[in-house]
Each structure stands twice: as structure tokens, then as C-alpha cells.
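Those protein sequences? They're chains A, B and C, same order as listed.
Residue numbers for the first sequence follow UniProt numbering, beginning at 1 and rising by one.
Residue numbers for the second sequence follow UniProt numbering, beginning at 1 and rising by one.
Residue numbers for the third sequence follow UniProt numbering, beginning at 1 and rising by one.
Following: one structure in C-alpha cells, then a few remarks.
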Amino acid sequence: MTINCRGTMAAAAVVLGLTLTACGDLTQDGSAGSDSGTIKLGMLAPLTGSSAAIGPYMKHGAQLAVDEINAAGGVDGRKLSLTVEDEACDPKTAAAGAAKLVSASIDISVGGYCSSATLPTLSIFGKTNIPMLIPAANSADLVAQKRNNVFLINGTGIQQAEAAAQFIKESGSKSVALIDDNTSYSADITKRTDKNLRADGVRVAEHQAVTAGESDYSGAVNAVLKAKADFVYWTGYYQEGGLLIKQLKAAGYRGRIMVADGSVDAKLIQIAGKHNAQGVFATMTQTPQTIPGGQAWVAKYKKKFGSEPGPYSTQAYDAVRVAAEAVKKAGTTDGQALTAALEKTDGFKIFSGPLKFTPEHTLSAGGFDILVVKDNGFVPNK
Amino acid sequence: MHHFIQLVVSGLFVGSFYALVALGYSMVYGIIKLLNFAHGDIYMLGAFAGFTVLSVGAGALGGGLIALIAIMIAAMAATGTFGVILERVAYRPLRSAPRLSVLITAVGASFALEYGIAVAFGPNPQVYQIGVTGGTLNIAGARITYAQLAMMAIAVLLMIALDTLVRKTRSGRAMRAIAQDPKACLLMGVNVDRVIARTFFIGSALAGAAGVMAGAYYGKIDFLMGFVIGLKAFTAAVIGGIGNLRGAVLGAVVLGLLESFAVAYLGSEWRDVFAFGFLILFLTVRPTGLLGERVTERV
Amino acid sequence: MNDESTPRTMEAPSAYVRAVEERAPANVAPAGSKVGTFTDRRAALAETASGLLASRWLALGLAAVTLALPYLNSSTYVIQIAIDALIFIMLAVGLNIVVGYCGLLDLGYAAFFAIGAYVSGLLSTRYGWPLLATIPVVVAAAVIGGLVIGGPTLRLRSDYLAIVTLGFGEIIRITANNLDFTGGPNGLYGIPDFGAFGLRADVALYWITAVIVIVAVLFSSRLGRGRIGRAWRFVREDEDAAEAMGIHTYKVKFAAYIAGAIFGGIAGVLFAAHQTAISPPSFNFLWSALILMAVVLGGMGSVPGVVVGALVISLLPELLRGAENWRYLVFGLLLIVVMIFRPQGLLPSRTGEPRRRGRQSQGGRP
């Protein structure tokens, strides 16, 4: 006992000594903006884990913007560089990745996919005043702490839920079933849609949550049929969405189906089966596939990376462009100056429309459209 | 009433998938007392093996049930062989090592399989181009598709074949003997290594068959698809009495039914809580499982 | 494997048999009270002293390096992953009590980690408690969790214990995900730290974490060497013999399980302070498996080994970062290779355990 007690006390004494003499970079966060040299962008994206499929879409989207801007001479002659770290949709991995980006002294963060993994990164980027332009994660919790360095480029759950409730109401549905995958992104949208629908007097007959990564959703399907719902809104990702549509149709469901932006992917149609997916609606921010002239962008992306863009390719692309624009306006990469420049941004063209941030740092115009599946893709619903 | 029957149908269908995977778990545990954590991933491997065969020979095979069965046999051969290799490389060298070390290798094999497939096929889900389609049958107001019936029939046939193999053949007798006393078997001239390899082959082949069935029925496969079903099959095997093959099937059906009703009455999000909560309660009341024999441990 | 059906030759068989036959409630003595008589005390003392010396120097050296780290490199990234690693060490050392000392296979250890993180997170964000004040409540909650889950299951066979603890881990995670009170899938955010004390916030947290973890490691090592530790090892080696020799195995197993729970709970508090935001995905089965891997990789029952194992498991994925999917593939393969060529772990348990003279006990450690 004595030996170890002494050991512990010695350790404690050492700590005390060290603490007293601690100085320099141990006492303050170093963050220095600059007005010359490379502008370093950092991105956290899921490269492993359950959402590993999305990472490359984001990475490529951002890289495309970086290459375009550099080819055009950069920002005031300064080149952009992009560093991508894995977040694995896991909070711990994301936090370590964020710290790695901070240590690599990035100037702006243009990543963030899973909301629950992005939350712990806020304080890490926040301590060194690095502005965050979050292209995918869009839970309202991200801006609830009112950190002034956090900006959401993606439409939020609030806006998507409004668009969804509006469309469901207009479709004249009598009984609605909401299904999410019990992740923050998805549950946030169903919860808000539920609230909006009830406020509008539309009956929400069923609210189910399924487990992502499984294959059999007969439980949810049975519940929808039992509740005699005539409108199903799925807010999870396409992997499960495709299966859900297939299983709903196989079980004889004949009502309308709508999916949220995470499910807007050609794979949804493949998984559900082309005949099952026809006429499925979707709430989606504007994308190159749906806006006039966007096809040229898709062609550029395909030429460069040999594959179709996917979810959040455009938002990542826009995040880089907005970041470059902010540096141009501020004339420096100092965090505070960039934040001020971002807050003042007005009318910069991005895929979802002219950009202007609300006081909460979310998009003022969510730009959610209703799309519908036609043949092998999503087209705007007329 | 028809809702009740619907829940039973859903439960039985899911249960038949659990059963095919649980059988492999239980067989391996019965013989060498190893919790083969990678077993769920062999199910995944089966799905991908089937997918590969399908994309190479899609034209020649055509569609429909016959093609499915051909693909399934190919995938079963592939996963069975892989199971044998896995046992030879990762488990056999550790047969006399502490039990937990083998468990760790199993977890390592599980990681390696999952991410090996992710590297080979990419992390995106793959879509099976073969589909079992067909009409819907109504039984007392409950819907069941022909595809579901076909899947359940295949599962039942495989289980009957396995039961016959284990109970009626020489090789099955050797397996049962090893489960009881491997040392005595060695003394009696049974080639223990070969029988264990055979057990891995059969267990892995069954999981591979289930993987192809899942791919064909659900249409989507991905590299993490084995994880959840692995846990559930493990649970099913324990409910039935781990090591007991008929018990594994019974446990799987019980688990499938329980989950189906839990979803209907508690909501999908509480399904796994209910399944595992029931398991804990069940083990407190009947720790040896439904069909497990009373064993005095380690004496 | 489970085929060592021959009686062990640890003690004269006749005494062993007599003990079993005469077993009555009266001679089920308090935990571990008779274990000391097994060895020649003098030899044991000499052994233990040298063992202590060896591990004392190792421990002090490691502790000094740990505490000096911010002077060597204080980049945000290094501090971040160093705190991650320290918390992981705490978890591994806690699980080592359950699995390494007592031989109970726990596949749901992350549950206690979650209980600790959520209890302190809830109290600090919803009710404004300072984080330090939440620790006693966390300990109480972890003990209650341990009682609820350990009570019915510690009487079961070890394989069943594995699945029950696994189920328990999933229950805790899914429940936290489903309840609004716990923040649902997004969890809790804005969790305060312990205070900065004039330092950079992450460096201050690093030193606080380092001190707590060092104390925990030393404490667990003491536990393992003490009377209860010997009882645990005995139960691990042969539960029936231990029971026959008068150890109340159920109580002893319970003590290990509860001790592990408390370590896990406190690690959870540190994790909450470190991450500032906690959510259910942090407490999934993968975590429980990784902690278990650290214990087994390092050498079950050996505190220095487990610390090294925890360092390897928590830092390896970071070193392999950027290799994307390859890193888990390599990780998995590495585990198989290490287990085949060094199944007793990197630093197997040697010190602290009374050396058996002459007659070694038969069969491997479970």
C-alpha cells in the first residue's frame, strides 16, 4: 500500500509542478489568420462505417470546386487545398478528425455529415474560431448552441418538414404514416413534420422508427397497412428507403409515398425496383439534376470522377465556393473576419438559390422542391 | 384476427432467416464451444458470392427460381470453403489457447471480412438483379407472397437436410460424438480435425444460402448486413439452447414471432430492447434455453 | 477448451473431495479469507515484492511520460487523441477486473460507460451541476446498473453471461436513443468540462483525466494483488474448487462486476467532458468489443499489459487514419495474427500472482 500511495503522491506533486510552470501554447488557443499563402480547407466526411457510401460524393463535390477555383487562378492569387478526414459517422472519430484538421491549421471547415458526429466537433473548431460551413448535417441542434462560427449550407430539418407538410396537406391525404430510421437527421424531420401536420389538422395515423442497416421492415409495413394510411413519408436514407418502398408495394399498399433528401439517389429506384418506385415523391433541395443547366455540372463531375454525383455532392461543392467567396470578401483567413463576411453574404448563387443566412446561420431560403420518380431518375413534380 | 395472422406470417418469415444463421452458430458452438463471431459476416459473404456469380453469369442463368437455386449452390460452396479456411487459419491454431483469445480472433475475422468486402466491392450497397416475384396469397386475410413462401420452403428443406445429416449419417454421428467428448473421439479413431472442418463447411454453407436468399428477396446487400442478423441469430441460438440444432430453429422462430408482435404493440424502435430484455428474463428463468440439456459445467 | 474433465492437481485430491462433500453454509467463508494459506508465505512475499518493484518502476515511468506529454507536443490533435487513449485505458483497466481477474465474459461493458456519460451529461446540462459533483451520482447509478444486470445473470454459465451483457449494452443504447429525455438520437450537447484553471481548456482536461486515470490504474492493480484479487483469480481458474474452498463465488463475482461498473461509469464522465456532446452511437457494440480486445490483446489480468493493449487499440485506428476501409481490414487481420502468435497477450500476467511451486495447475487460463 505504502509504495503505491507514495507513487500517487509523487505523481500529484509532479502535476502541480508542471501546472505551475505551464506557459506559452499550453495556456492559449493559437489561431492565426493570414492574408497570403494557400487557403487550407478541411472536410470531415464518412469514409468508413455505415455511411461510407456518402463520403466520396462529398469529397468529390468539394474537390471539383477546389480544382475549378484553382484553375481560374484561385482567390486573389491564393490557391485552395482540401484535406479530408474520416468521421465514420462516429462522434469520437469525428472529434479526433476535427482535432487533426485544427492541428493541420486549416482555415475553414467544409465538412460534417452525421449530425451526432458533427456536434462534438463544434467546440473543437469553435475554440480556434474556425468557421464551419456544414454541407450535409442539418439537425437544428447544431445551431441551438448559437455558436457564431457554425453555418448550415444544407436546408434544415425545419425547412424540409415545412415543405413536406405543405405537400402532404395539398395532396388531400386523410391519414399519414411517418417513418424514420431513428437517427438524428431522420427523426428530426419526422418529429417536425408530425407537428406541422397536426397544426394543419391532418391526421398522423402512425409514427414508426426502424433500425437502419436491416433488411426486413415488415413490422413498419404491417403498421402502415393496419392504420390504413394513404400517405407514407420516409425520412431516412435510400438504402432502407428502397427496401421499404418495395416491401410496402409487395404488401399491397396503394397510397402515396414520399421520401426525404437522404433517399434521393438513383440507387433508391434500383433497390425498390423500377416499377415500384414510379410516382414516389421526394422533398429535395435543388440539385443539378433538377435545375436548368445543371446537366453540364453533372457531366463535368462524371468526366472527372467517372461516376454520377450523389447526395451532398452539390452541397459540398457549394460549401467550398461559399468559403472561397468569404475569403475573397474578408481579404484574410482570420476566423472572425470570415464569420462576419459570411453573415453579410447576400445573393451569392448556390444550387439551392441565392444565399443569405438567417440570424441562426441557416439558409434563409431552404429551396426544398418536390420531386417525383420518373423512369430511372427524379424529376421536378409539376 | 387477420392482423394477428399477418404478424405470425411476418414473424415466421424473419424467423426462417434467423434459423439458417443460428444453425451455424449452434453447430460450431456445440462441437468446439466457440462463439464464432464472424458467422454473421459469412452470411454477408454468401450474399456477395451470389452477387458475383450473378454478375458474371447473368446472361446464361436467366431469371427465376431455378437460377436462384443454382446461384445459391455456388454461393454455398464458396462460403462453405471459406468457413473451412477460416477454421484452419484462424481457429485451429488456437484450439488449446484460452477461450477468450479465440473469441478475439473471431471478432478480428469479422472485421477483416466486413472491410475486406468493403474494399473489394466498395462501400455502396449492391443491388441483386435477380428478383423472386409473383403473386400474393391470402390466408385468412393475411398476405403472403409466393416469394416469401418459396424462401420459407427452401429454408425448411435445408433444415430437414441438416437434421437428417446429423441424425442419420456416419458423419453426423461423429459430430455428435465430438460434441460430447472430443478426447474420447480421438481415442476411438475419429478424425476430429476433419469433422470440425466439415461442421464449419456445413454451418457456413447454410449461412451463405441465407445470404443469397436475403439478396434475392430484399434486393439489396451491403458489407455490414451480417452484423445485426449475427446478433439475432446468436440470441436465437441461446434461446433455443446453444449447441442444440432443433433448439436453434425453435429459438429463431420464437424470436421472429416475438419481434413481430413487439413491433406491432410497442413500435419498431423498441423491438431490440424487447428482444434482448426478453432474453435476459428468459435466461433468469430457464438458463439452459428451451431445449438445452442440463449440463454441469466444467466438472 | 472445456474438456479438462480430469480433477485438477492443485491440492491433494482427497482434501478437495472432502471439501466438496462437507460443504455446508457454515464453511462458506467471506470472500478469499482462506486463499492466503495456499502458498508458502515467505516465498510469496519475495515474489510479490519483486513483482511490485518491476511494475512500480514501469508505472512511475509511464505516469511521468503521461503527465509530461503536453510539454513534448501540445497540438490539439495530440491532446485530443491522448485523452481518448487515457479514457480507453480506464475502460480497459475496468473491464480487466471483470474479464481478466474474474474471468467473466462481458460483451456489454459500454453500457456502464454510457450510464456514466449520460448521468453526468444530464445533471450538468439540464440541472446545471458542476461536472465534478456528478461523479458520486454516476457511481451510484453504475452500482445500481451492475446490481440489476449482475443480480440474475452472474449465476449463469459464462457463455450466457456474454449474451446477456451484450443484450444489456444494446438495451441501454437503444433506450437512450428512443427517449426524449436523453436527447434522442442527437444525445446531449454543450456538456461543460471541469474548468480550465488558466490553461488551454483541452490541456487542463488532459491533466485532470491523466491524474484520474493514473489513480484508477494503480487502484485496480492494488485490487488485483489484494485478498479480493486472489479470490477473483481463484474463481477464474476453477469456480468449483473456489467454492469448495469456502469462497462465496457469487459474491466475489458480484464484487468484480460492480467494480468494473464503477470504472466504466467514471470513464463515462471523462468522456462526456471530453466530447462535450454525447450520443447513442458512441456506445454501440463495437465499443464493447474494442475494449474487450484491448484486454485480451494486452494480456488478461495483467494491468501493464492491459494498458499497452488499450494504447494499441485506441491509437492504431488513428495511425491508420486515411487508409479508410483498409484500416479496419488491417486491424482485423492484425488481431488474428497477434492472437495466433501470442495468444496470451502482449504482456501476459506475471507479477502479483503468487508463484506456484513445482506442480503447475493444469489447463490454460480461461
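All C-beta atoms, glycine included, are put in the ideal place defined by N, C-alpha and C.
Closest Cα partner of Leu-268 of chain A within the set A:Pro-311, A:Ser-116, A:Thr-339 and A:Ala-144: A:Pro-311
Coarse secondary structure for Pro-348 of chain C, derived from DSSP in three states: coil
Cutoff 7 Å; reference Ala-264 of chain B; Cβ partners in own chain excluding five residues on either side: Leu-7
Inter-stretch contact (C-beta, 8 Å, three-pair minimum) for the region 190-203 of chain A and the region 256-272 of chain B: no
Interface residues of chain A facing Thr-81 of chain B [CB-CB closer than 8 Å]: Result: empty, since nearest Cβ-Cβ is about 25 Å, beyond 8 Å.
Distance CB(Met-225 of chain B)-CB(Met-151 of chain B) smaller than 9 Å: no
is_contact[Met-225 of chain B, chain A] using C-beta, thresh 9 Å: yes
Own chain partners of His-2 of chain B with C-beta closer than 7 Å, once the 5 adjacent residues on each side are dropped: Ala-140, Gly-141 and Ala-142
Interface flag, Val-312 of chain C vs chain B, CB-CB below 9 Å: no
Exposed unless 16 or more other CB atoms sit within 10 angstroms - verdict on Trp-287 of chain C: buried
Cβ-based burial, Tyr-16 of chain C [other Cβ within 10 Å; buried from 16]: The pLDDT assigned to Tyr-16 of chain C is 35, lower than 50, so where the model puts this residue is not dependable; a value taken from the coordinates is nonetheless given after this. So Tyr-16 of chain C counts as buried.
For Val-379 of chain A, the three-state DSSP class (helix, strand or coil): strand
For Pro-354 of chain A: DSSP bridge partner residues: A:Lys-349
CB-CB length for Lys-40 of chain A against Ser-103 of chain A, believed under 8 Å: Not a contact, Cβ separation roughly 12 Å.
Cut-off 6 Å between Cβ atoms - residues of its own chain near Ser-16 of chain B, not counting five sequence neighbours on either side: Met-152 and Ala-155
Closer than 9 Å to chain C by CB, Tyr-265 of chain B: no
Members of the region 85-108 of chain B near chain C, C-beta cut-off 8 Å: Val-89, Ala-90, Pro-93, Leu-94, Arg-95, Ser-96, Ala-97, Pro-98, Arg-99, Leu-100, Ser-101, Val-102, Leu-103, Ile-104, Thr-105, Val-107 and Gly-108
Backbone CA spacing between Asp-230 of chain A and Gln-166 of chain A [nearest angstrom]: 16 Å
Contained alpha helix (DSSP H) runs [length at least 4] in the region 296-375 of chain A, N- to C-terminal order: 313-330 and 335-344
CB contact below 9 Å: Ile-69 of chain A versus chain B: no
Where Val-14 of chain B sits in the DSSP three-state scheme: helix
DSSP state of Arg-88 of chain B mapped onto helix, strand, coil: helix
Contact set between Lys-220 of chain B and chain A, taken where Cβ atoms lie within less than 8 Å: Ser-215, Gln-239, Gly-242, Leu-243 and Ile-271
Cβ-Cβ distance between Ser-314 of chain C and Ala-259 of chain C below 9 Å: no
Proximal chain C residues relative to Gly-277 of chain B, where beta-carbon distance stays under 7 Å: Ile-171
Neighbour list for Thr-145 of chain B in chain A, Cβ cutoff strictly below 8 Å: Ala-250
Residues that Pro-185 of chain C contacts on chain A, provided the C-beta gap is smaller than 7 Å: Ser-116, Asn-182, Thr-183, Ser-184 and Ala-187
Inter-residue spacing [alpha-carbon to alpha-carbon] between Ala-110 of chain C and Ala-88 of chain A: 19 Å
Within 9 Å, strictly: CB atoms of Ala-72 of chain A and Lys-59 of chain A: no
Inter-residue spacing [alpha-carbon to alpha-carbon] between Ser-218 of chain A and Leu-245 of chain B: 27 Å
Contact check, Ala-163 of chain A vs Ile-370 of chain A, beta carbons under 9 Å: yes
Per-residue DSSP class, three states only, for Ser-51 of chain A: coil
For Lys-220 of chain B, three-class secondary structure by DSSP: strand
Interface flag, Arg-126 of chain C vs chain A, CB-CB below 9 Å: no
Beta-carbon separation (whole angstroms), Thr-283 of chain A vs Gln-160 of chain A, contact threshold 8 Å: 5 Å
Whether Val-99 of chain C touches Val-119 of chain C by CB criterion (9 Å): no
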